[in-house]
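Protein chains: 4
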Amino acid sequence: MAPRTPGDRTGPRLRADAARNRAQILAAARTAFRELGTAAPLDEIARRAGVNIATLYRRFPDRDALVQQVVLDGFAAVAEAARRALETAPQDPLAAVERFLLRLVDERDTLVLPLIGGPVATSPEAVDLQGRIAPLLDEVLAHARSRGAIRPDVTHMDLITTGALVCRPMPYLPAEQAKALATRHVRIFVDGLRPGDARPLPPTPAHQDITVHLHPDTKGG
Amino acid sequence: MAPRTPGDRTGPRLRADAARNRAQILAAARTAFRELGTAAPLDEIARRAGVNIATLYRRFPDRDALVQQVVLDGFAAVAEAARRALETAPQDPLAAVERFLLRLVDERDTLVLPLIGGPVATSPEAVDLQGRIAPLLDEVLAHARSRGAIRPDVTHMDLITTGALVCRPMPYLPAEQAKALATRHVRIFVDGLRPGDARPLPPTPAHQDITVHLHPDTKGG
Amino acid sequence: MAPRTPGDRTGPRLRADAARNRAQILAAARTAFRELGTAAPLDEIARRAGVNIATLYRRFPDRDALVQQVVLDGFAAVAEAARRALETAPQDPLAAVERFLLRLVDERDTLVLPLIGGPVATSPEAVDLQGRIAPLLDEVLAHARSRGAIRPDVTHMDLITTGALVCRPMPYLPAEQAKALATRHVRIFVDGLRPGDARPLPPTPAHQDITVHLHPDTKGG
Amino acid sequence: MAPRTPGDRTGPRLRADAARNRAQILAAARTAFRELGTAAPLDEIARRAGVNIATLYRRFPDRDALVQQVVLDGFAAVAEAARRALETAPQDPLAAVERFLLRLVDERDTLVLPLIGGPVATSPEAVDLQGRIAPLLDEVLAHARSRGAIRPDVTHMDLITTGALVCRPMPYLPAEQAKALATRHVRIFVDGLRPGDARPLPPTPAHQDITVHLHPDTKGG
DNA sequence: GATGAATGAGTTTTCATTCAT
DNA sequence: AATGAATGAAAACTCATTCAT
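Chains as they are written, first to last, in the working numbering: chain A, 1 to 221; chain B, 222 to 442; chain C, 443 to 663; chain D, 664 to 884.
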């Protein structure tokens with residue numbers, strides 16, 4: 001199965017030129033959001049996309065609609081990375097976890113607003129995608145646990161958290177160095193996942209999945 | 222030696238009410254910057270601080286002056302945490318590293334814009350503070366290495382990077398959960414610092430210190 | 443003679459679907475103009491009519507063309523009401539006047555922009571229609587005067603003014619109540635037309651007909 | 664007691680220049696609303712008032728706040744006219760009614776959005792003013808009825824309705840002629856209020872006061 | 001004949017900054 | 001020292017109009 005093209009929609013098919021514009025807007029939005037935050041000027045995004053601001057508004061009726069689509073594309077990329085990790089998990093589950101995280105680092109331009117700490121996505125498509133990611137990672141972790149390759153108290157939330165942390169933009173750091181630092185961090189983190197004489201992990205306050213229970217107006221941490 | 226109060230300045234002493242206003246402005250700025258980014262509206266910051274916008278301008282002639290002071294206070298907090306880590310490093314250096322990172326997590330409200338990935342601070346005070354942090358951490362790491370308690374290729378940059386990652390705001394996550402997730406992440410990371418059969422770490426492209434060479438207009442990663 | 447269908451035109455006959463679209467556009471325009479004024483967004487009118495904005499433009503090359511047609515339809519309705527009033531004037535001229543006014547109230551949805559106080563219509567058709575209305579009303583009034591049923595100084599302008607007043611939209615009032623209030627007002631007004639000890643009416647500054655001399659850019663009263 | 668200056672407020676006193684600006688904004692808004700409707704461009708209003716658009720926004724946080732104040736001033740003028748009518752009602756109640764209506768006509772520039780058919784005002788001040796008008800007019804009518812000078816079924820609603828009708832702008836008619844036509848209309852209407860062989864008035868659907876029960880989103884008549 | 005799409009030119013609203021009190 | 005007030009400039013958003021399918 002081919003991966004979904006970022007930004008696919010379910011509505012009526014767009015004319016070719018409109019679809020191209022839409023893709024350019026989303027690409028420009030991803031970059032701008034990483035550089036300037038989700039409050040980035042929309043006309044700057046339109047300018048970078050090479051379209052008129054009104055064209056942007058035709059595709060995305062307000063800022064939130066644009067943010068939501070960008071978030072959704074991020075979820076899709078994470079889901080795809082998790083799916084691939086599961087493919088190679090049987091051979092070497094810990095390597096699969098590391099590849100999963102490094103893949104997220106590689107695609108962090110797309111993962112503008114990923115998961116933990118990003119804007120909440122409550123659209124049906126977003127909830128659906130979020131619901132798919134956890135089981136895939138759980139399955140990867142199950143492989144690792146059955147081999148004794150991983151400390152037992154690690155959960156998919158730890159992986160998602162780590163993905164979120166290492167993908168967040170470091171606006172003042174050249175991409176090359178940002179990637180190197182993230183790669184080193186992932187290496188150490190994954191080594192920390194091995195059982196050995198690992199100390200038990202502290203619990204999280206709520207045992208529910210966090211991602212899907214966020215509220216936009218909650219002051220966060 | 223008593224720790225510096227955040228926001229101390231070297232200029233003429235302020236009247237009591239003026240000093241109080243200044244402190245309230247800085248506190249409001251920290252919160253606003255975490256929630257809204259460094260482009261947060263200045264009158265919103267003034268409103269939260271309970272002062273008139275013109276009063277804010279009297280204390281900080283432009284946005285950058287305010288950002289710089291907030292960054293500086295962040296550096297001071299990191300330096301203080303590193304100093305304390307060094308005090309306990311002789312007994313258990315790895316525990317000292319973990320306490321260092323967890324202290325940063327606890328103070329992440331103050332560490333608004335810390336270190337890697339934040340705005341560049343080039344004021345003499347900031348450069349001075351940054352220059353103190355690395356040696357302190359190097360000394361902590363030296364203790365650990367001499368005991369064989371840590372993989373040998375870890376550097377102070379890895380610690381600073383990790384501190385930056387786990388302190389960045391997760392605006393949509395309740396503070397309680399954000400802290401819990403960060404704490405788990407730190408635990409795994411620190412366990413990953415142990416030698417054991419640790420794999421060697423990939424190198425960083427430039428061996429220079431990164432923090433002080435950043436430029437605000439560089440497209441980052 | 444069958445009454446003219448509102449919005450008939452003299453040009454080439456339209457295809458059935460085109461004619462339907464045109465009628466829907468005019469109906470939507472009437473409603474929108476009453477609710478939002480003649481500056482109502484054209485795409486809102488198109489949306490209400492269920493057609494694309496470009497279709498509206500095909501039928502009416504600019505806003506004024508649409509306004510003019512709506513005004514014209516209003517004049518046609520007034521002319522028709524005056525014609526009917528004249529039919530029954532011989533029996534009871536004052537009752538004919540009241541029926542004339544009440545008919546306008548009933549059709550006020552069509553009389554979007556009627557007569558006094560509305561946009562000026564200078565098209566030949568509009569001028570023609572306006573020129574027909576005054577003589578018809580004069581004839582009705584002549585019947586009344588010859589019977590002594592009306593105070594002598596009432597003119598057709600007073601009737602047209604009253605029609606304009608009672609037909610203007612009351613956007614925040616439920617239609618039911620708006621009609622009731624207008625009906626009561628008409629009753630009192632018509633009773634005020636009786637001779638009895640009626641006081642003479644104050645003169646109007648210009649004795650010319652007012653309607654056709656208006657200019658759109660004149661600041662009005 | 665001196666009449667309230669239009670636009671008085673209960674908040675903290677404004678600085679002299681700010682108060683002047685505020686008054687100019689309200690005057691410009693009245694004119695613009697009459698000419699262009701309540702959707703008149705706010706920057707046009709600011710321009711006419713000779714202030715920057717941002718100054719307008721400082722005084723009136725959104726369009727509705729401005730509309731509400733203009734409406735409120737209109738109510739105040741009506742209340743004042745009713746109060747004066749009551750003063751002279753004992754001598755000649757019908758003349759008092761006519762003067763009341765003609766005063767409204769004279770002040771129709773202030774009565775931008777009066778009463779029936781205008782935007783709903785639900786602020787405490789507006790409700791209070793509306794609640795004062797009806798009793799004043801009722802008292803005037805009581806004088807007239809006790810003298811047998813008026814048909815018995817006329818209510819204050821009929822007077823308010825008439826005031827609203829004759830004050831509504833006729834944007835395309837020169838002020839001079841608009842006033843003349845309104846004056847003639849008032850004369851006829853007031854003559855229609857005399858008892859004589861007056862026919863009974865049709866009832867209104869709801870016997871409650873209408874003005875204060877309107878809802879802004881109700882499609883009106 | 002109808003429509004999806006795009007755009008330039010507004011209009012609304014916000015915000016940084018300065019001034020006078 | 002602090003504040004109310006004002007403003008220019010920018011950004012969000014809307015709308016009339018045209019074009020290509």
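Cβ atoms here follow ideal geometry from the backbone N, Cα and C, with glycine treated the same way.
Reference D:H848; option with closest CA among C:R550, C:L635, C:R464, C:A620: C:L635
For A:F60, the first and last residue of its enclosing alpha helix (DSSP H): Run containing A:F60: none; DSSP gives neither H nor E here.
Distance, B:A396 Cα to D:D706 Cα: 43 Å
Closer than 9 Å at the beta carbon, the chain D residues around C:D506: Here the premise fails: no neighbours, minimum Cβ distance about 14 Å.
C-beta neighbour in chain C for D:I688, strict 7 Å: no
Segments of 4+ residues assigned as alpha helix (DSSP H) that fall wholly inside the stretch 295-343 of chain B: 314-327
Minimum Cβ-Cβ distance from C:D570 to chain D less than 7 Å: no
Min CB distance B:G384 to chain A below 7 Å: no
Three-state secondary structure assigned by DSSP to C:P566: helix
For D:P837, three-class secondary structure by DSSP: strand
Residue from B:T404, B:L422, B:A342 whose Cα sits closest to the Cα of B:M378: B:L422
Between the CA atoms of D:L765 and D:A812 - distance to the nearest angstrom: 19 Å
Local Cβ density within 10 Å of C:N463, reported as buried at 16 or more and exposed below that: buried
Residue-chain proximity (A:P205, chain B), Cβ-Cβ < 7 Å: yes
Where the stretch 566-591 of chain C meets chain D: residues whose CB sits under 9 Å from a CB there: none
Closest by C-alpha distance to D:L804, when choosing among D:L735, D:V760, D:C830, D:F738: D:V760
Members of the stretch 252-268 of chain B that neighbour chain A once the beta carbon cut-off is set at 8 Å: E256, L257, G258, A260
Short CB-CB distance (under 7 Å) between C:P594 and chain D: no
Selected residue, minimal CA-CA separation from D:R711, among D:L774, D:Q687, D:L757: D:Q687
Range covered by the alpha helix (DSSP H) that runs through B:V387: 377-388
Alpha-carbon spacing of C:R500 relative to C:R593, whole angstroms: 50 Å
Backbone secondary structure at A:I210 - three-state DSSP: Note that A:I210 scores a pLDDT of 46, beneath 50, so its modelled location is shaky; the value from the coordinates is reported in the next line. If DSSP states are grouped into helix, strand and coil, A:I210 belongs with coil.
Sequence-distant residues of the same chain with beta carbon closer than 8 Å to A:Q68, five excluded per side: P119, A121, S123, A126
Closer than 7 Å at the beta carbon, the chain D residues around C:H598: What C:H598 touches in chain D: nothing, since even the nearest Cβ is about 12 Å away.
CB contact check: C:D534 to chain D, cutoff 7 Å: no
Environment of D:A740 [buried if 16+ CB atoms lie within 10 Å]: buried
As assigned by DSSP and simplified to three states, the class of A:A49: helix
Span separating the alpha-carbon of A:F33 from that of B:G417: 41 Å
For C:L578 and C:L546, the rounded distance between their alpha carbons: 15 Å
Sequence-distant residues of its chain with Cβ nearer than 7 Å to D:R693 (five each side left out): V733, D772, T773, V775
Cutoff 7 Å: D:L822 Cβ touching any chain C Cβ: no
Pair within 7 Å by beta-carbon distance, D:A745 and D:I796: yes
Backbone secondary structure at C:D459 - three-state DSSP: helix
Neighbourhood of D:C830 by C-beta distance below 7 Å, restricted to the same chain and skipping five residues each side: L767, V768, R771, L774, P777
Counted within 10 angstroms of its Cβ, other Cβ atoms place D:D680 as buried (16 or more) or exposed: exposed
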